[in-house]
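Asker: Handing you this structure, nothing more for now.
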Amino acid sequence: MAHWIEPHPTGIYIRPADAWIDPSMPQARALVTHGHADHARGGHDHVWATRETLAIMALRYGTASGTAVGYGEEVRMGGVTIRYAPAGHVLGSAQILLEHAGERVVVTGDYKRRPDPTCLPFEPMPCDIFVTEATFGLPVFRHPDTGSEMDRLLGALHAHPDRCVLVGAYALGKAQRVICELRGRGHHDPIYIHGALERMCALYADFGVDLGELRPATGVPAKDMRGHIVVAPPSALNDRWSRRLPDPITAMASGWMRVRQRARQKNVELPLVISDHADWDELTDTIREVAPTETWITHGREEALLHWCMTHQIRARALALIGREDEDEG
Amino acid sequence: MRAFSQLLDGLVYTRSRNGKLALIAAYMREAPDPDRGWALAALTGNLDLKAVKASAIGEMIRARTDPVLYEMSRDYVGDLAETVALLWPKREDQPPEVDDGSLSLSAVVDRLHAVSRAAAPDALAQMMDHLDASGRFALLKLATGGLRVGISARLAKTGFAQGFGLDVDDVEQVWHALSPPYAALFDWAEGRSGRPDPEGTPYFRPFMLAHPLEADSVDLTDYAAEWKWDGIRIQIVGTGAETRLYSRAGDDISGSFPEVAQAFTGHAVLDGELLVRGAFQGGEAASFNALQQRLGRKAVTARMMDDYPAFVRLYDLLIEGDDDLRALPWTDRRARLEAFMPNLEPDRFDLSAIIDAPDFEALADIRAGARDAAIEGVMLKRRDSPYVAGRKAALWYKWKRDPLTADCVMMYAQRGHGKRSSFYSDYTFGCWTADGELLPVGKAYSGFTDEELKWLDRFVRQNTVNRFGPVREVEKSLVLEVAFDSIHDSKRHKSGLAMRFPRIARIRKDKPAHEADTVDGLKKLVV
Chain A
0 MAHWIEPHPT GIYIRPADAW IDPSMPQARA LVTHGHADHA RGGHDHVWAT RETLAIMALR
60 YGTASGTAVG YGEEVRMGGV TIRYAPAGHV LGSAQILLEH AGERVVVTGD YKRRPDPTCL
120 PFEPMPCDIF VTEATFGLPV FRHPDTGSEM DRLLGALHAH PDRCVLVGAY ALGKAQRVIC
180 ELRGRGHHDP IYIHGALERM CALYADFGVD LGELRPATGV PAKDMRGHIV VAPPSALNDR
240 WSRRLPDPIT AMASGWMRVR QRARQKNVEL PLVISDHADW DELTDTIREV APTETWITHG
300 REEALLHWCM THQIRARALA LIGREDEDEG
Chain B
0 MRAFSQLLDG LVYTRSRNGK LALIAAYMRE APDPDRGWAL AALTGNLDLK AVKASAIGEM
60 IRARTDPVLY EMSRDYVGDL AETVALLWPK REDQPPEVDD GSLSLSAVVD RLHAVSRAAA
120 PDALAQMMDH LDASGRFALL KLATGGLRVG ISARLAKTGF AQGFGLDVDD VEQVWHALSP
180 PYAALFDWAE GRSGRPDPEG TPYFRPFMLA HPLEADSVDL TDYAAEWKWD GIRIQIVGTG
240 AETRLYSRAG DDISGSFPEV AQAFTGHAVL DGELLVRGAF QGGEAASFNA LQQRLGRKAV
300 TARMMDDYPA FVRLYDLLIE GDDDLRALPW TDRRARLEAF MPNLEPDRFD LSAIIDAPDF
360 EALADIRAGA RDAAIEGVML KRRDSPYVAG RKAALWYKWK RDPLTADCVM MYAQRGHGKR
420 SSFYSDYTFG CWTADGELLP VGKAYSGFTD EELKWLDRFV RQNTVNRFGP VREVEKSLVL
480 EVAFDSIHDS KRHKSGLAMR FPRIARIRKD KPAHEADTVD GLKKLVV
């Protein structure tokens, strides 16, 4: 089935279009699902992506020549009809629907099914081949309700007025989502951010995502940050950088925080299970909902999801894509 | 259950000792009775339900979920209880991850107390359905016995004391007059009743401890010398009706050495060294390695008592009948101890001999010539010293014999080579700086038995906090007594020290990490 599409370790190749989806090596023609570094690499000759993803790539890799593709807009390439649909993962994230020779293939990139105030929700599309991620493809990963996690974050903040809560969050997507969720829960105090987040937060604001008042955490006396939330990339949590903060409570927003040992390994005191990826229930529910003839499973814990598909009479295969899955980005 | 499971989570994630104490204190103040009493019992290791075997939990989850997915999950997560807690399938039409508040900690404890072993898995499954993931984790840990949240009984009691502005030693004194869920203790703490009366109960008294000898000599007219035996320091507390044995940390270890506890029927409190007799030593005291066969065992077999018969070598008499002797000079207590000896069974109790040396030089010769496997060094006790809690300067000194040893804290572990390639067998250990930081002082990969290696390997795997390629960083909680031939200045190491032929002399499970030696102390040994 669908011999015109080929999974390779370096990406998915669409033969009739001579184009790659999320290639990990520089290619002439690249279709990019979203801006995370394990999907969007620099160095391609020409990129097709959403306007937001192109802007994120330009921010990260400098200007690249690209064609902006709006959600729902159709692009034709060597007899293949290509359409981008929201994936609900981060700002600008898209699933890519490919139609050729009477067959429909959906490549999800990364996705989630929970509401996210910074991006449009995932749109299920019927297809013959569904290429899904499996970052949290084990039944132990069941993300709790986002609201309860945000309550724990605000609870810790209010219980310790002399300290600050340092939230480790991936610089693209998670950080802005956490800030937005806080605003949505009526937290309008200034939020301090690590320098590495500044440009991405500004980009989100340019696209109309209201993040409220953000202040740089650099060059601010520690006492001014007492009782406030500070957001930084995960790598800064145990770094010297965090020494400037007033007795921080170290939090981390990630789906990996579901497992105690993972949180302890990162010296996290307040693990927040907030993920931009589908959890086990979302993965299996989505496969059932999309009901493809065949499911291809890319990066993550492919084995368990493959087993689940087999026991539910769903044809499936695991693809070995290299270089995927940045542990910080859960 | 939610408040308790959140307390456990907090204790797991909170790094600082003060943070942990604050969490315990707040819980003890705020949780209702009798929940908080059961929680205190669980945290101090006095709640041993063991209603369910780990294998029954495995069966329970396999019956409710795909066994292949369960195995994959367990491989990924590592811990059985955590895997099952996370994996537990939600019921149809129920919101996921909600503790519905219908189960209190005391209701859980009551049910686990009452349930038969056969009915326990079903009872457990019913309770699981009402809890969220962290509640299920706490429930499974309670049901299988042992919370393993990395806090000692002492820390739990300290947290409790802090919650009510009490002195932890006061709590310790009344502790053994009480039993879970400690209604009398909370009544006292909150001023509803007087202090529980520990009299007539075999409660623990804080030990008197020694400083390492740093001076070149002491005057033997002021100090008596006695062997320092290489066993474990214990306190025998007898009320006449009941006898308990306490370790240095105040843990009741009577159950591990029932033959010793049963042999003491007197009404007194004694301080001594618990040792085992070895056939190789002609029935005399054997090395610490032999004693280790008996440590930490909950059930003791007749065979073990036969192979490793335990006895106590007595150092001191604290209380005899109703006479508290602790304020008396050592010389007087020693005379009372010698007079007390004929009351005791000679197989189980003997007297630690005083070393007869005319002067310090002669004592040094005797010490250097000592070849007894069970001798760790020499104790020097001021003849006029009262028996006081803790380490008081210039009263008691320990003067360990060669080789040099230091109590260090394991920091990192690395896999070995060859037949040890699956074991974490190379250990980097550190000592404390004046700022309270651990600095690596050496690395050792020998000195332990195969059994000890298995134990160490398990410790490393269960206490990993970080991985750097083949190296694991571990929780800084395990004290290793490291023996070494000499120690030198070194520019290669941050501590400025290098040990010659360091090896693991023994694993000090009994010693808290903060009591390990200091870098400054080691520097004084540099030759």
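Protein chains in written order, with numbering that gives the first Met the number 0: chain A, 0 to 329; chain B, 0 to 526.
C-beta: ideal position from N, C-alpha, C; glycine also.
Assuming serine 92(A) is part of the alpha helix (DSSP H), what are its boundary residues?
Answerer: Residue mapping note: residue 92(A) aligns to position 93 of the first sequence, counting from 1. That residue, serine 92(A), is in no alpha helix (DSSP H); it is neither H nor E in DSSP.
Asker: Is the separation between the beta-carbon of tryptophan 87(B) and that of arginine 147(B) shorter than 8 angstroms?
Answerer: The sequence position of residue 87(B) within the second sequence is 88, counting from 1. The sequence position of residue 147(B) within the second sequence is 148, counting from 1. Cβ distance not < 8 angstroms, so tryptophan 87(B) and arginine 147(B) don't count as in contact.
Asker: Buried or exposed: which applies to alanine 283(B), given that a residue is buried once 16 or more other Cβ atoms fall within 10 Å of its Cβ?
Answerer: Locating residue 283(B) in the second sequence gives position 284, counting from the first residue. Residue identity check: residue 283(B) is glutamate in the sequence provided, not alanine. Counting Cβ neighbours within 10 Å, glutamate 283(B) comes out exposed, since fewer than 16 surround it.
Asker: Mind listing which residues of the segment 59-70 of chain B have their C-beta closer than 9 angstroms to chain A's C-betas, in chain order?
Answerer: So the list reads Thr64, Asp65, Val67, Leu68, Tyr69, given in the order they occur along the chain.
Asker: Which same chain residues, not among the five before or five after alanine 67(A), have their C-beta less than 6 angstroms away from its C-beta?
Answerer: The residue you call residue 67(A) lines up with position 68 of the first sequence. Result list for alanine 67(A): Arg50, Leu53, in chain order.
Asker: Output, in sequence order along the chain, the residues in the segment 229-260 of chain A whose CB is closer than 7 angstroms to any CB in chain B.
Answerer: For the segment 229-260 of chain A, which is checked against every Cβ of chain B, the residues closer than 7 angstroms are Arg257, Val258, Arg259, Gln260.
Asker: Are the C-beta atoms of glutamate 326(A) and some chain B residue less than 8 angstroms apart?
Answerer: Against the first sequence, residue 326(A) aligns to sequence position 327. At glutamate 326(A), the pLDDT of 44 sits below 50, so the modelled position is not reliable and the matter cannot be decided from this model.
Asker: As a quick exercise: from Gln260(A), Val106(A), His142(A), pick the residue whose alpha carbon is nearest that of valine 97(B).
Answerer: Residue mapping note: residue 97(B) aligns to position 98 of the second sequence, counting from 1. If we check each option's Cα against that of valine 97(B), His142(A) comes out closest.
Asker: Compute the Euclidean distance between the alpha carbons of valine 525(B) and alanine 504(B), then round it to the nearest angstrom.
Answerer: Your numbering for residue 525(B) matches position 526 in the second sequence. Your numbering for residue 504(B) matches position 505 in the second sequence. So the alpha carbons of these two residues sit roughly 19 angstroms apart.
Asker: Between which two residues does the beta strand (DSSP E) holding asparagine 465(B) run?
Answerer: The residue labelled residue 465(B) in the question sits at position 466 within the second sequence. Taken as a continuous stretch (DSSP letters only), the beta strand (DSSP E) holding asparagine 465(B) covers 463-467.
Asker: By how many angstroms is the C-alpha of serine 103(B) removed from the C-alpha of aspartate 34(B)?
Answerer: Stepping through the second sequence from its first residue, residue 34(B) is reached at position 35. Stepping through the second sequence from its first residue, residue 103(B) is reached at position 104. If you take the alpha carbons of aspartate 34(B) and serine 103(B), they lie about 7 angstroms apart.
Asker: For the segment 16-34 of chain B, list every residue whose C-beta sits within 9 angstroms of some C-beta in chain A, in sequence order.
Answerer: Within the segment 16-34 of chain B, the residues whose Cβ lies closer than 9 angstroms to some Cβ of chain A are Gly18, listed in chain order.
Asker: Run through the segment 205-277 of chain A for me and flag every whole beta strand (DSSP E) of 3 or more residues, listed as ranges in chain order.
Answerer: Here the runs fully enclosed are 213-215, 228-231, 248-252, 269-271.
Asker: Between glutamine 264(A) and chain B, is there a C-beta pair that is closer than 8 angstroms?
Answerer: Locating residue 264(A) in the first sequence gives position 265, where the first residue counts as 1. Judged by the 8 angstroms Cβ criterion, glutamine 264(A) is in contact with chain B.
Asker: Could you have a look at histidine 266(B) and say whether DSSP puts it in helix, strand or coil?
Answerer: Counting from 1 along the second sequence, the entry for residue 266(B) is found at position 267. The answer is strand: DSSP assigns histidine 266(B) an E or B state.
Asker: Could you please tell me which residues of the segment 427-446 of chain B, in chain order, have their CB closer than 7 angstroms to any CB of chain A?
Answerer: Those residues of the segment 427-446 of chain B that come within reach of chain A (Cβ to Cβ, closer than 7 angstroms) do not exist; the list is empty.
Asker: Quick one: give me the first and last residue of the alpha helix (DSSP H) that isoleucine 4(A) is part of.
Answerer: The count along the first sequence starts at 1 and reaches residue 4(A) at position 5. Taken as a continuous stretch (DSSP letters only), isoleucine 4(A) belongs to no alpha helix (DSSP H), being part of the beta strand (DSSP E) at 4-7.
Asker: Are the segment 256-272 of chain A and the segment 7-15 of chain B touching by the rule of at least three beta carbon pairs closer than 8 angstroms?
Answerer: Short answer: they touch.
Asker: If we require 3 or more residues per run, which beta strand (DSSP E) segments fall completely within the segment 22-88 of chain A?
Answerer: Runs found: 28-30, 45-48, 65-67, 73-76, 79-85.
Asker: Would you kindly work out how many angstroms separate the C-alpha atoms of aspartate 115(A) and leucine 196(A), rounded to a whole number?
Answerer: Within the first sequence, residue 115(A) is the residue found at index 116, counting from 1. Within the first sequence, residue 196(A) is the residue found at index 197, counting from 1. Going from the Cα of aspartate 115(A) to the Cα of leucine 196(A) covers about 19 angstroms.
Asker: With DSSP collapsed to three states, give me the class of methionine 378(B).
Answerer: Position 379 of the second sequence, counted from the start, is the residue given in the question as residue 378(B). DSSP places methionine 378(B) in strand when its eight states are reduced to three.
Asker: From which residue to which residue does the beta strand (DSSP E) around histidine 159(A) run?
Answerer: Walking along the first sequence from the start, residue 159(A) turns up at place 160. No beta strand (DSSP E) holds histidine 159(A); DSSP gives it neither H nor E.
Asker: Please report whether the beta-carbon of aspartate 425(B) lies at a distance below 8 angstroms from any beta-carbon of chain A.
Answerer: Start at 1 with the first residue of the second sequence, and residue 425(B) comes out as number 426. Not one chain A Cβ lies under 8 angstroms of aspartate 425(B).
Asker: Tell me the residue span of the alpha helix (DSSP H) that contains glutamine 161(B).
Answerer: Here the question's residue 161(B) lines up with position 162 in the second sequence. Its alpha helix (DSSP H) spans residues 152-162.
Asker: Could you give the DSSP three-state label for leucine 524(B): helix, strand or coil?
Answerer: Mapped onto the second sequence, residue 524(B) falls at position 525. It is coil, neither helix nor strand.
Asker: Quick one: residues in its chain with C-beta nearer than 7 angstroms to the C-beta of aspartate 17(A), no 5 flanking neighbours on either side, listed in chain order?
Answerer: Residue mapping note: residue 17(A) aligns to position 18 of the first sequence, counting from 1. Contacts found: Arg28, Gly77.
Asker: Any idea if phenylalanine 467(B) is buried or exposed, counting beta-carbon neighbours within 10 angstroms, 16 or more meaning buried?
Answerer: Locating residue 467(B) in the second sequence gives position 468, counting from the first residue. Exposed, because fewer than 16 other Cβ atoms sit within 10 Å of the Cβ of phenylalanine 467(B).
Asker: Quick check: the Cα distance between tyrosine 411(B) and arginine 471(B), rounded to an integer number of angstroms?
Answerer: Your numbering for residue 411(B) matches position 412 in the second sequence. Your numbering for residue 471(B) matches position 472 in the second sequence. Distance between the alpha carbons of tyrosine 411(B) and arginine 471(B) is about 6 angstroms.
Asker: Could one say the Cβ of serine 72(B) lies closer than 8 angstroms to chain A's Cβ atoms, at least one of them?
Answerer: Taking the second sequence and counting its residues from 1, the one referred to as residue 72(B) is at position 73. Chain A contact via Cβ: present.
Asker: If we require 3 or more residues per run, which beta strand (DSSP E) segments fall completely within the segment 107-147 of chain A?
Answerer: List check, beta strand (DSSP E) in window: 128-133.
Asker: Quick one: grab the DSSP three-state call for glutamate 326(A).
Answerer: Taking the first sequence and counting its residues from 1, the one referred to as residue 326(A) is at position 327. At glutamate 326(A) the pLDDT is 44, less than 50, meaning the model places this residue with poor confidence; the figure from the coordinates comes in the next sentence. In this structure, glutamate 326(A) counts as coil in the three-state DSSP scheme.
Asker: Determine the burial state of alanine 40(B): buried for a count of at least 16 other Cβ atoms within 10 Å of its Cβ, exposed for fewer.
Answerer: In the second sequence, the residue the question calls residue 40(B) occupies position 41. Looking at its Cβ environment, which holds 16 or more other Cβ atoms inside 10 Å, alanine 40(B) is buried.
Asker: Could you pull the start and end residues of the alpha helix (DSSP H) that proline 439(B) belongs to?
Answerer: Along the second sequence, read from residue 1 onward, the residue named residue 439(B) stands at position 440. Proline 439(B) -> not in any alpha helix (DSSP H); beta strand (DSSP E) instead, spanning 437-443.
Asker: Exposed or buried, what is glutamine 461(B) when buried is set at 16 or more other beta-carbons lying within 10 Å of its beta-carbon?
Answerer: Here residue 461(B) refers to the residue found at position 462 of the second sequence. Exposed is the call here.
Asker: Given a cut-off of 8 angstroms on the beta-carbon distance, is the pair tryptophan 3(A) and alanine 100(A) in contact?
Answerer: Here residue 3(A) corresponds to residue number 4 of the first sequence, with the count starting at 1. Here residue 100(A) corresponds to residue number 101 of the first sequence, with the count starting at 1. Cβ atoms of tryptophan 3(A) and alanine 100(A): closer than 8 angstroms.
Asker: Please confirm whether valine 31(A) and tryptophan 295(A) have their CB atoms less than 8 angstroms apart.
Answerer: As a position in the first sequence, residue 31(A) is number 32, starting the count at 1. As a position in the first sequence, residue 295(A) is number 296, starting the count at 1. In this structure, tryptophan 295(A) does not lie closer than 8 angstroms to valine 31(A) by Cβ.
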